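Residue numbers (this note's numbering): 1 to 391.
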Amino acid sequence: MTRSKTLAPLRILGLVRSREAGDALRSALGDVGELSLSHGHRAGERITLPAGKLPQLVIVELDVDSAEDMAGLERLAADLNGQAAVAVTCPRPSVDALRRLMRLGIVDVLPQPIAAADLQAICRAVVRRSGSQPGGGRLAAKVAAFLKAGGGVGATTLATQMACAAAAEATEVCLIDLDIQFGSAALQLDLPQQSSVLDLLASTEPMDGSMLRLAAARHACGVDLLPAPTPLAPLESIEAAAVLRLLEAAGAEYGLLIVDLPQAWTGWTRTVLAASDAIILVIELSLPSVHHARRQILTLAEEGLDHIPLIVIANRVAKGLFAQASPISRAEAEQALGRPIAAVIPGDESLLRAALTGKPVGQVAGGKALARRFAALAGTVLRGSPVEAKP
Ligand SMILES: Nc1ncnc2c1ncn2[C@@H]1O[C@H](COP(=O)(O)OP(=O)(O)O)[C@@H](O)[C@H]1O
Ligand SMILES: [Mg+2]
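Next comes the structure, spelled out in structure tokens:
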């Protein structure tokens with residue numbers, strides 16, 4: 001793990017109300033920053049910074065539902081005038097509170113109880129932003145888009161597992177669930193859908209990295225998820241231009257974007273695919289699925305997207321004694337598709353259990369080998385290393 005190597009020591013000021021919060025900040029931070037603490041600001045009181053060198057990050061403990069606290073925070077943000085990043089620590093805030101925090105320019109929320117992974121992610125983002133060129137806006141991240149040849153082939157399962165594998169290698173990963181009608185990434189990662197990707201796409205405010213981090217639900221493995229909305233949303237309620245803005249903002253903030261797309265081809269599918277470094281097409285070894293995949297591959301060519309590396313993965317393939325059970329063989333599928341299948345993922349109990357319990361497969365019994373295959377897949381997108389081909 002090289003996670004801490006990317007962190008320059010950051011000067012952090014914690015404005016906390018309780019000794020517990022101060023202690024939690026200190027132990028979560030470890031040695032990745034220099035923390036000074038100031039205790040005991042009260043509601044409605046002007047929050048002042050202790051004399052001395054200005055910190056790069058101020059973390060304020062407050063009650064986001066208190067108008068007085070929010071007014072104090074607003075004054076603090078105005079006083080700092082962008083000279084230091086401001087984050088807030090509180091128990092999980094409501095969507096309304098998140099929106100108010102976004103408007104104040106707060107870079108992130110550190111949920112209580114404070115977790116080391118959350119605090120360190122905020123630090124990394126602050127370090128990266130302070131070192132980044134203003135007005136860059138380039139899609140610095142690698143982007144992998146998931147297409148599926150049929151419903152239920154396992155695209156979301158593979159997307160979430162690949163996201164966890166990449167996060168385990170210290171890549172900052174944002175999983176964007178654009179399957180806005182049947183998206184199940186939040187369910188699979190066991191994360192709340194308090195704010196959805198649609199809220200961001202509908203927002204008329206300029207989108208930036210801190211807004212994304214505020215809206216994202218963070219999984220313990222380090223993945224930030226922008227979930228699909230809970231109520232069914234029409235596919236055409238999204239505009240391609242908004243999707244592009246979202247990808248640009250996320251691309252400047254994270255190292256890897258993984259996008260789960262709807263099964264239907266939408267007005268904005270092409271926008272996502274055109275911005276991708278790799279398209280991962282998940283199939284099953286069945287006639288309908290291979291037929292569906294053929295049509296997708298033809299559409300990619302018609303849309304002028306055939307220059308983007310396409311990685312075909314056959315999922316839920318019967319293994320061992322049941323290897324003959326697949327309706328068509330790998331070779332037959334490859335012939336029909338006119339291209340190789342890069343990897344075969346077996347139908348596997350441990351993967352199913354992981355997908356149903358919100359865990360990276362490496363954390364469930366018998367899942368280590370599969371976790372390595374997802375890491376290899378992430379490596380292909382990030383570094384162009386080969387995808388494991390052996391079943
Ligand atoms: N390789 C696999 N082995 C066993 N179960 C799997 C595998 N891949 C996916 N599943 C299960 O199949 C179901 C559908 O997967 P999902 O990822 O939601 O499909 P999709 O996103 O393509 O519609 C889920 O319950 C998931 O746990
Ligand atoms: Mg899905």
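By construction, the Cβ of each residue, glycine as well, lies at the ideal position given by its N, Cα and C atoms. The structure displayed is predicted, hence computed values, not measured ones.
If I measure Cβ to Cβ from residue i and keep anything under 8 Å in the same chain, skipping five residues before and after, which residues do I get?
i	result
P386	A376, T380
P113	A24
Can you tell me whether residue i is helix, strand or coil according to DSSP?
i	result
V197	helix
H39	strand
K319	coil
C221	coil
R46	coil
F146	strand
G22	helix
D69	helix
R11	strand
T269	helix
G135	Residue placement at G135 is poorly supported in this model, since its pLDDT is 34, which falls under 50; the coordinates are not used for a value here.
D79	helix
G358	coil
A250	helix
L189	helix
A343	strand
G33	strand
E61	strand
V107	coil
L178	coil
On a CA-only basis, which of the options is nearest residue i? Give me that one, please.
i	options	result
F374	A155, A140, V64, G105	A155
N315	L29, L235, D348, L101	D348
G222	E205, L119, A21, G384	L119
T357	I283, R100, S184, A144	S184
A217	M162, A121, V126	A121
T53	L35, D63, E68	The sequence given here has Lys at residue 53, not Thr. Ranking the options by Cα distance to K53, first place goes to L35.
T204	P227, R245, L191	R245
A438	L37, F146, G30	Past the boundaries of the shown model lies residue 438; the chain is included only from 1 to 391, so the question cannot be answered.
Mind checking whether the beta-carbon of residue i lies closer than 6 Å to any heavy atom of ligand 3?
i	result
A155	No copy of ligand 3 occurs in the structure displayed; its ligands are ligand 1 and ligand 2 alone.
Sorted by chain position, which residues of the same chain lie with C-beta nearer than 6 Å to residue i's C-beta, five sequence neighbours on each side aside?
i	result
I59	G14, A87, T89
H292	A149, G150
L76	I47
Q194	V95
H41	L15, I47
G366	S350
For my contact list, residue i and residue j are in at a C-beta cut-off of 8 Å; report their separation, rounded to the angstrom.
i	j	result
E253	L212	6 Å
A318	A325	4 Å
What residues in its chain sit with their C-beta under 7 Å from that of residue i, if we drop five residues either side in the sequence?
i	result
A233	I180, Q181, L198
A167	V173, C221, G222, V223
R100	M70
S132	Its pLDDT being 43, under 50, S132 is placed unreliably in this model, and the coordinates cannot settle the point.
A371	A165, P360, V361, G362
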